[in-house]
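Contents: one structure, followed by commentary.
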Amino acid sequence: MVPEMGYLDEQFNQLEELQDESSPNFVEEVVALFLKDSPRLLSNIEQTIGKYPQDFYRLDSLVHQLKGSGSSIGAVRMKNECSVFKAHCNDRNLEGCRRSLQKMKREHATLKQKLESYFQLLRQVGPREHAVNSRK
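Using full-length UniProt numbering, the first residue of the sequence shown is number 1, and each one after it goes up by one.
Encoded structure:
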(Lines of atoms letter the chains of each structure in order from A and count residues from 1; the text may use other names and numbers.)
(Lines give C-alpha, C1' and ligand atoms only; values in the text may rest on other atoms or scores of the structure.)
Protein backbone atom coordinates (compact mmCIF):
# COMPACT_ATOMS: atom_id res chain seq x y z
CA MET A 1 0.00 0.00 0.00
CA VAL A 2 2.44 2.69 1.15
CA PRO A 3 5.48 1.30 -0.74
CA GLU A 4 3.60 1.34 -4.04
CA MET A 5 2.79 5.03 -3.60
CA GLY A 6 6.44 6.06 -3.84
CA TYR A 7 6.80 7.11 -0.21
CA LEU A 8 8.91 4.12 0.81
CA ASP A 9 11.64 2.19 -0.94
CA GLU A 10 12.99 -1.35 -0.74
CA GLN A 11 14.33 -0.74 2.78
CA PHE A 12 10.76 -0.86 4.10
CA ASN A 13 10.23 -4.24 2.42
CA GLN A 14 13.46 -5.50 3.97
CA LEU A 15 12.21 -4.43 7.40
CA GLU A 16 8.99 -6.35 6.78
CA GLU A 17 11.03 -9.45 5.90
CA LEU A 18 12.76 -9.24 9.30
CA GLN A 19 9.42 -9.36 11.08
CA ASP A 20 8.37 -12.80 12.29
CA GLU A 21 6.29 -14.50 14.97
CA SER A 22 8.88 -13.72 17.64
CA SER A 23 8.60 -10.00 16.85
CA PRO A 24 5.20 -9.50 15.18
CA ASN A 25 5.26 -5.70 15.64
CA PHE A 26 8.88 -5.15 14.62
CA VAL A 27 8.20 -2.86 11.65
CA GLU A 28 5.59 -0.83 13.49
CA GLU A 29 8.00 -0.37 16.42
CA VAL A 30 10.84 0.78 14.14
CA VAL A 31 8.49 3.21 12.38
CA ALA A 32 7.18 4.43 15.76
CA LEU A 33 10.76 5.30 16.77
CA PHE A 34 11.17 7.29 13.56
CA LEU A 35 7.84 9.07 14.09
CA LYS A 36 8.79 9.87 17.70
CA ASP A 37 12.29 11.18 16.93
CA SER A 38 11.78 12.98 13.61
CA PRO A 39 9.52 15.81 14.90
CA ARG A 40 12.25 16.72 17.40
CA LEU A 41 14.82 16.86 14.60
CA LEU A 42 12.51 18.95 12.42
CA SER A 43 11.95 21.33 15.33
CA ASN A 44 15.70 21.60 15.97
CA ILE A 45 16.28 22.33 12.28
CA GLU A 46 13.61 25.04 12.35
CA GLN A 47 15.10 26.61 15.49
CA THR A 48 18.61 26.53 14.02
CA ILE A 49 17.43 28.19 10.79
CA GLY A 50 15.92 31.00 12.88
CA LYS A 51 19.16 31.80 14.69
CA TYR A 52 21.59 34.43 13.50
CA PRO A 53 24.30 33.98 12.37
CA GLN A 54 23.29 30.83 10.54
CA ASP A 55 25.12 27.68 11.55
CA PHE A 56 25.13 25.72 8.31
CA TYR A 57 27.37 23.05 9.83
CA ARG A 58 24.79 22.39 12.58
CA LEU A 59 21.94 22.43 10.04
CA ASP A 60 23.78 19.92 7.88
CA SER A 61 24.39 17.69 10.90
CA LEU A 62 20.73 17.77 11.97
CA VAL A 63 19.49 17.05 8.46
CA HIS A 64 22.03 14.25 8.16
CA GLN A 65 20.49 12.65 11.27
CA LEU A 66 16.99 13.03 9.84
CA LYS A 67 18.09 11.60 6.51
CA GLY A 68 19.64 8.56 8.21
CA SER A 69 16.58 8.03 10.36
CA GLY A 70 14.28 8.26 7.35
CA SER A 71 16.52 5.98 5.31
CA SER A 72 16.34 3.32 8.01
CA ILE A 73 12.61 2.87 7.33
CA GLY A 74 12.86 3.50 3.59
CA ALA A 75 11.29 6.98 3.62
CA VAL A 76 12.54 7.79 0.13
CA ARG A 77 10.81 11.16 -0.37
CA MET A 78 12.01 12.35 3.02
CA LYS A 79 15.53 11.15 2.24
CA ASN A 80 15.51 12.92 -1.13
CA GLU A 81 14.33 16.22 0.35
CA CYS A 82 17.03 15.95 3.02
CA SER A 83 19.58 15.66 0.21
CA VAL A 84 18.20 18.84 -1.36
CA PHE A 85 18.42 20.61 2.01
CA LYS A 86 22.04 19.47 2.46
CA ALA A 87 22.89 20.86 -0.98
CA HIS A 88 21.41 24.22 0.08
CA CYS A 89 23.55 24.06 3.24
CA ASN A 90 26.66 23.46 1.15
CA ASP A 91 25.74 26.51 -0.95
CA ARG A 92 24.95 28.51 2.22
CA ASN A 93 21.53 29.19 0.69
CA LEU A 94 19.33 30.05 3.67
CA GLU A 95 16.20 30.67 1.60
CA GLY A 96 16.66 27.30 -0.11
CA CYS A 97 17.02 25.69 3.32
CA ARG A 98 13.79 27.31 4.47
CA ARG A 99 11.89 26.11 1.40
CA SER A 100 13.33 22.65 1.75
CA LEU A 101 12.39 22.51 5.45
CA GLN A 102 8.77 23.27 4.56
CA LYS A 103 8.82 20.45 2.00
CA MET A 104 10.36 18.08 4.56
CA LYS A 105 7.64 18.95 7.06
CA ARG A 106 4.92 18.30 4.46
CA GLU A 107 6.54 15.02 3.41
CA HIS A 108 6.82 13.99 7.06
CA ALA A 109 3.15 14.78 7.76
CA THR A 110 2.01 12.87 4.66
CA LEU A 111 4.25 9.91 5.43
CA LYS A 112 3.06 9.80 9.03
CA GLN A 113 -0.58 9.76 7.95
CA LYS A 114 0.01 7.05 5.34
CA LEU A 115 2.03 4.87 7.72
CA GLU A 116 -0.57 5.19 10.47
CA SER A 117 -3.30 4.17 7.99
CA TYR A 118 -1.16 1.27 6.77
CA PHE A 119 -0.57 -0.11 10.26
CA GLN A 120 -4.21 0.40 11.21
CA LEU A 121 -5.21 -1.64 8.17
CA LEU A 122 -2.70 -4.37 9.08
CA ARG A 123 -4.14 -4.55 12.60
CA GLN A 124 -7.63 -4.98 11.12
CA VAL A 125 -6.46 -7.69 8.73
CA GLY A 126 -4.53 -9.53 11.43
CA PRO A 127 -1.05 -11.07 11.51
CA ARG A 128 -1.89 -14.33 9.77
CA GLU A 129 -3.47 -12.74 6.71
CA HIS A 130 -0.66 -10.20 6.50
CA ALA A 131 1.99 -12.94 6.61
CA VAL A 132 0.24 -14.90 3.86
CA ASN A 133 -0.26 -11.84 1.65
CA SER A 134 3.22 -10.40 2.13
CA ARG A 135 4.85 -13.56 0.73
CA LYS A 136 3.00 -13.39 -2.60
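Even glycine gets a Cβ: it sits at the ideal position worked out from N, Cα and C.
**Report entry** CB contact flag (ARG92, PHE119, <7 Å)
**Finding:** Judged by their CB atoms, ARG92 and PHE119 are not nearer to each other than the 7 Å cut-off.
Report task. Please list, in chain order, all residues of the same chain as CYS82 whose beta carbon is under 6 Å from its beta carbon, the five residues on each side excluded. Result -> Non-local C-beta neighbours of CYS82 in its own chain, meaning closer than 6 Å and more than five positions away in sequence, comprise VAL63, LEU66 and LYS67, ordered along the chain.
Query - Beta-carbon contacts of VAL84 that lie in its chain and below 6 Å, excluding the five residues immediately before and after - result: For VAL84, where only same-chain residues beyond five positions count, the Cβ hits under 6 Å are SER100.
Query raised in the report: Where LEU94 and PRO24 are concerned, what is the direct C-alpha to C-alpha distance, given to the nearest angstrom?
Result: Rounded to the nearest whole angstrom, the C-alpha separation of LEU94 and PRO24 is 44 Å.
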